[in-house]
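> Dropping a structure here in structure tokens format, bear with me for questions.
2 protein chains.
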Amino acid sequence: MAMDTRKDIHNSEVPVLCQSCEARHNGMCGVLEPSELVALSKATRVVKQPAGAELAAEAEPVASYANVMRGVVKLTKTLEDGRQQIVGLQFAPDFLGRLFTQSSAVTAQAASDVELCRVPRAALERLIAENPALEHRLMQQTLRELDEARDWMVTLGRKTAAEKVASFLYLIATHLDPSKEEARHFDLPLTRADIADFLGLTLETVSRQLSKLRADQVIAIANNRHVDVFDMARLKKRCG
Amino acid sequence: MAMDTRKDIHNSEVPVLCQSCEARHNGMCGVLEPSELVALSKATRVVKQPAGAELAAEAEPVASYANVMRGVVKLTKTLEDGRQQIVGLQFAPDFLGRLFTQSSAVTAQAASDVELCRVPRAALERLIAENPALEHRLMQQTLRELDEARDWMVTLGRKTAAEKVASFLYLIATHLDPSKEEARHFDLPLTRADIADFLGLTLETVSRQLSKLRADQVIAIANNRHVDVFDMARLKKRCG
DNA sequence: CCGGGGCTTTGATCTAGATCAAACCGACGC
DNA sequence: GCGTCGGTTTGATCTAGATCAAAGCCCCGG
Chain A
21 MAMDTRKDIH
31 NSEVPVLCQS
41 CEARHNGMCG
51 VLEPSELVAL
61 SKATRVVKQP
71 AGAELAAEAE
81 PVASYANVMR
91 GVVKLTKTLE
101 DGRQQIVGLQ
111 FAPDFLGRLF
121 TQSSAVTAQA
131 ASDVELCRVP
141 RAALERLIAE
151 NPALEHRLMQ
161 QTLRELDEAR
171 DWMVTLGRKT
181 AAEKVASFLY
191 LIATHLDPSK
201 EEARHFDLPL
211 TRADIADFLG
221 LTLETVSRQL
231 SKLRADQVIA
241 IANNRHVDVF
251 DMARLKKRCG
Chain B
21 MAMDTRKDIH
31 NSEVPVLCQS
41 CEARHNGMCG
51 VLEPSELVAL
61 SKATRVVKQP
71 AGAELAAEAE
81 PVASYANVMR
91 GVVKLTKTLE
101 DGRQQIVGLQ
111 FAPDFLGRLF
121 TQSSAVTAQA
131 ASDVELCRVP
141 RAALERLIAE
151 NPALEHRLMQ
161 QTLRELDEAR
171 DWMVTLGRKT
181 AAEKVASFLY
191 LIATHLDPSK
201 EEARHFDLPL
211 TRADIADFLG
221 LTLETVSRQL
231 SKLRADQVIA
241 IANNRHVDVF
251 DMARLKKRCG
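Residue numbers (this note's numbering), protein chains in the order written: chain A, 21 to 260; chain B, 21 to 260.
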């Protein structure tokens, strides 16, 4: 079909649900031809999940992959005695799931209310096998996630509590809204306890450090969740 | 060539250097046809580097990728004020390098004496573009590295010093010798200072915890570097 | 045989962040 | 309007691990 070579000029052949989807622009679906997208969309299902919903459990088989369309998903690992660590946050339009293995090594939980586009395992794996460009795109995201995980290892292993909290705020400011490079205003997608689990701290320490940033006029916080960053450069400097 | 379909039965067509190489068995070269291996081997070069040699610098362009053939490579990140974190260790036959980007996000340094098989950027990227199986294999390794990075985030964020040191020893016991699942005897590839940088501790704390494991008869240490694990199960239990 | 330089161990003290405890705040149901 | 409940803040105290300090060990070179 001649149109296939002009997929970026208009998208009349693209499924309605996909037309405004972030994954179509910056996510994995951007590499699919309209015909592939139509075929894939027959197998996908958009689902909404409330904050707190468990999307996949550590060491449990997962029947489907997903793209995050809206909201934030947290990936956690837990030691036998209950100590918990958040090992990653996924924002729209990130791909969600551990490719090529039956069960996930992490627990995935909705941090905020989320909207996911679920893709059955088999359908996606078939498409990957047929279309190397899709695997390439997913490889790119995986490499980015690995870079980010390693950055975070520095934060966990070598930064002070103050630097950790500043780093967290900066991470959210740069990742929450896919349309902005650095957002000055945003709602925190995590509770203080979750932030602590992401930073390797206690919730009391997180709260104290946020209070300090507020006292120092770097940020303002309204309703516990809403953050205004007065001076992004100053916040960045505090990241260590 | 009919032989191509029988590449696992014998390897008379495989370059001499590759025949006993770990990468040919468990590394990325395992997916290459003999003909591809011959072509690739024309561009590769085996190099030895002494412990401490810098193989790639953070934010500096890298001219080639490599496979680790022998020894251990440490990947580090450094904050402006000099605080350092080791964000990964690469053992034979791991692939070394950040695909699809000009410059590395980490510093790569030989932790022990190492032997590398260097592949020029362009040659490998061309081969990847031609052979999706190779990208698939590299994707598998990248996913495994991501899993390991996330496991380590739990260690960094939530474990005690004692658990961190035990976890490090267990990591080495399971990764250093590609032919063994769990080695009871091995030489530590890192100094106490490096171990500290990997665990987010000080070298004094590492030393104290090693002394404690020795006092508790979990391990013995000879010549600072050589470790004997008396009871692997007990070591594992101490990993938290 | 002696001296110096890495690396490591061990000891004494200090402190960032944990833990324990109490109060606060806003939302919600009754 | 009032109690209660999840999440948060703030305060007082405690402790794991950092920091500071001093040997010790091993290897190498003279």
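Ideal placement from N, C-alpha and C gives every residue a C-beta, glycine not left out.
Could you say which of A153(B), I148(B), T96(B), E100(B) lies nearest to L119(B) if we only look at CA atoms?
Indexing the second sequence from 1 puts residue 119(B) at position 99. When only C-alpha atoms are compared, the closest one is I148(B).
> In terms of residue numbering, what span does the alpha helix (DSSP H) encompassing A77(A) cover?
As a first step, residue 77(A) must be located in the first sequence, where it is residue number 57. Element bounds for A77(A): n/a, residue is neither H nor E.
> Could you have a look at S84(A) and say whether DSSP puts it in helix, strand or coil?
As a working mapping, residue 84(A) is identified with position 64 in the first sequence. Looking at S84(A) - three-state DSSP - the assignment turns out to be strand.
> Between the alpha carbons of R258(A) and L189(B), how many angstroms are there, rounded?
Against the first sequence, residue 258(A) aligns to sequence position 238. Against the second sequence, residue 189(B) aligns to sequence position 169. Spanning the two alpha carbons is a distance of roughly 34 angstroms.
> Tell me the rounded alpha-carbon separation between A213(B) and L95(A).
Counted from its first residue, the second sequence places residue 213(B) at position 193. Counted from its first residue, the first sequence places residue 95(A) at position 75. Roughly 31 angstroms between the two C-alpha positions.
> What three-state label does DSSP hand K27(B) in the structure shown?
What you label residue 27(B) is simply residue 7 of the second sequence in a count that begins at 1. In this prediction, K27(B) scores a pLDDT of 45, lower than 50, which makes its location untrustworthy; no coordinate-derived value is stated.
> Please list the partners that K165(B) has in chain A, where partner means a Cβ-to-Cβ separation under 7 angstroms.
For the purposes of this step, residue 165(B) is taken as residue 145 along the second sequence, with counting starting at 1. Rather than Lys, the amino acid found at residue 165(B) in this sequence is Glu. Near E165(B) (Cβ distances below 7 angstroms), the residues of chain A are L166.
> To the nearest angstrom, how far is it from the Cα of D248(A) to the Cα of L221(B)?
One-based indexing of the first sequence puts residue 248(A) at position 228. One-based indexing of the second sequence puts residue 221(B) at position 201. So the alpha carbons of these two residues sit roughly 34 angstroms apart.
> By DSSP's criteria, R138(A) is part of a beta bridge. Which residues make up the other side?
By 1-based counting over the first sequence, the position of residue 138(A) is 118. BP columns for R138(A) point to R65(A), A86(A).
> Would you mind sorting S187(B) into buried or exposed? The rule is 16 or more other CB atoms within 10 Å of its CB.
For this step, residue 187(B) is matched to residue 167 along the second sequence. So S187(B) ends up on the buried side.
> Just the Cα atoms here: how many angstroms apart are I106(B) and R245(A)?
Counting from one through the second sequence, the residue named residue 106(B) turns up at place 86. Counting from one through the first sequence, the residue named residue 245(A) turns up at place 225. Looking at the two C-alpha atoms, the distance is approximately 34 angstroms.
> Tell me the rounded alpha-carbon separation between I241(A) and N87(A).
The residue labelled residue 241(A) in the question sits at position 221 within the first sequence. The residue labelled residue 87(A) in the question sits at position 67 within the first sequence. Answer to the nearest angstrom: the Cα atoms are 30 angstroms apart.
> Going by DSSP, name the residue or residues bridged to A229(A).
In the first sequence, the residue the question calls residue 229(A) occupies position 209. Just to set this straight, residue 229(A) is Gln in the shown sequence, not Ala. In the DSSP output, where bridge partners are listed per residue, Q229(A) has none listed.
> Give the range of the alpha helix (DSSP H) segment to which D217(A) is assigned.
Within the first sequence, the letter at position 197 stands for residue 217(A). 212-219 is the span of the alpha helix (DSSP H), which, as asked, contains D217(A).
> On the CB-based measure, 16 or more other CB atoms within 10 Å of its CB, does H195(A) come out buried or exposed?
The residue given as residue 195(A) occupies position 175 in the first sequence. Buried, by the Cβ-count rule.
> Under a Cβ-count criterion, where at least 16 other Cβ atoms within 10 Å of its own Cβ denotes burial, should R178(B) be classed as buried or exposed?
Here residue 178(B) corresponds to residue number 158 of the second sequence, with the count starting at 1. R178(B) is buried by the Cβ-count criterion.
> With DSSP as the reference, identify every bridge partner of G72(B), one or two as the case may be.
For the purposes of this step, residue 72(B) is taken as the residue at position 52 of the second sequence. Per DSSP, none; premise fails for G72(B).
> So if I threshold CB-CB distances at 9 angstroms, which residues from the region 111-126 of chain A count as touching chain B?
The region 111-126 of chain A vs chain B, Cβ under 9 angstroms: R118, L119, F120, T121, A125, V126.
> Output yes if chain B places a C-beta closer than 9 angstroms to the C-beta of L223(A); else output no.
Walking along the first sequence from the start, residue 223(A) turns up at place 203. Not closer than 9 angstroms to any Cβ of chain B, the Cβ of L223(A) fails to qualify, so no.
> Distance, Cα to Cα, V66(B) vs C137(B)?
Translated into the one-based positions of the second sequence, residue 66(B) becomes position 46. Translated into the one-based positions of the second sequence, residue 137(B) becomes position 117. In a straight line, the C-alpha of V66(B) is about 4 angstroms away from that of C137(B).
> For L57(B), I'd like the list of residues in its chain whose CB is within less than 7 angstroms of its CB, leaving aside the five on either flank, ordered along the chain.
The sequence position of residue 57(B) within the second sequence is 37, counting from 1. So the qualifying residues of the chain are V34, P35, C38, C49.
> Less than 9 angstroms between the beta carbons of V174(B) and K184(A), yes or no?
Sequence index remark: in the second sequence, residue 174(B) carries index 154 (1-based). Sequence index remark: in the first sequence, residue 184(A) carries index 164 (1-based). No. Outside cutoff.
> Where A181(A) and Q229(A) are concerned, what is the direct C-alpha to C-alpha distance, given to the nearest angstrom?
One-based indexing of the first sequence puts residue 181(A) at position 161. One-based indexing of the first sequence puts residue 229(A) at position 209. Their backbone Cα atoms lie some 7 angstroms apart in a straight line.
> Using a Cβ cut-off of 7 angstroms, which residues of the region 176-191 of chain B contact any Cβ in chain A, in chain order?
Going along the region 176-191 of chain B in chain order, one finds L176, G177, R178 with a Cβ nearer than 7 angstroms to chain A.
> State buried or exposed for E165(A), treating a residue as buried only when at least 16 other CB atoms are found within 10 Å of its CB.
For this step, residue 165(A) is matched to residue 145 along the first sequence. E165(A) should be labelled buried.
> May I ask you to report which of helix, strand or coil DSSP gives Q122(A)?
Along the first sequence, read from residue 1 onward, the residue named residue 122(A) stands at position 102. Residue state, collapsed to three classes: coil.
> Counting Cβ pairs, one atom from each stretch, are 3 or more of them under 8 angstroms apart for the region 71-88 of chain A and the region 150-167 of chain B?
No: fewer than three Cβ pairs fall under 8 angstroms.
> Nearest chain B C-beta to Q229(A) closer than 9 angstroms, yes or no?
Position 209 of the first sequence, counting from 1, holds the residue named residue 229(A). No - not a single Cβ of chain B is within 9 angstroms of the one on Q229(A).
> Looking at S132(A) and A71(A), is the spacing between their C-beta atoms short of 9 angstroms?
Here the question's residue 71(A) lines up with position 51 in the first sequence. Here the question's residue 132(A) lines up with position 112 in the first sequence. Their beta carbons are under 9 angstroms apart, which means A71(A) touches S132(A) by this criterion.
> Can a CB atom of chain A be found closer than 9 angstroms to the CB of R170(B)?
Within the second sequence, residue 170(B) is the residue found at index 150, counting from 1. It does: the Cβ of R170(B) has a partner Cβ on chain A nearer than 9 angstroms.
> Starting from the Cα of L116(A), find the closest Cα among Q104(A), A130(A), D171(A) and give me that residue.
Residue mapping note: residue 116(A) aligns to position 96 of the first sequence, counting from 1. Closest option to L116(A), Cα to Cα, is A130(A).
> May I ask which residues mark the beginning and end of the alpha helix (DSSP H) holding Q104(A)?
Residue numbering aside, residue 104(A) sits at position 84 when the first sequence is read from its first letter. Here Q104(A) belongs to no alpha helix (DSSP H); instead the beta strand (DSSP E) covers 104-111.
> Determine the DSSP secondary structure at Q129(B), reduced to helix, strand or coil.
The count along the second sequence starts at 1 and reaches residue 129(B) at position 109. Here Q129(B) sits in strand by DSSP.
> Determine which residues share a DSSP beta bridge with F115(B) and list them.
The residue labelled residue 115(B) in the question sits at position 95 within the second sequence. Answer by DSSP bridge pairing, in chain order: N87(B).
> How long is the line joining the alpha carbons of C41(B) and L158(A), rounded to whole angstroms?
Walking along the second sequence from the start, residue 41(B) turns up at place 21. Walking along the first sequence from the start, residue 158(A) turns up at place 138. Taking the straight line from one Cα to the other gives about 29 angstroms.
> Could you tell me whether the Cβ atoms of V139(A) and A63(A) are closer together than 9 angstroms?
Taking the first sequence and counting its residues from 1, one reaches residue 139(A) at position 119. Taking the first sequence and counting its residues from 1, one reaches residue 63(A) at position 43. Going by C-beta atoms, V139(A) is nearer than 9 angstroms to A63(A).
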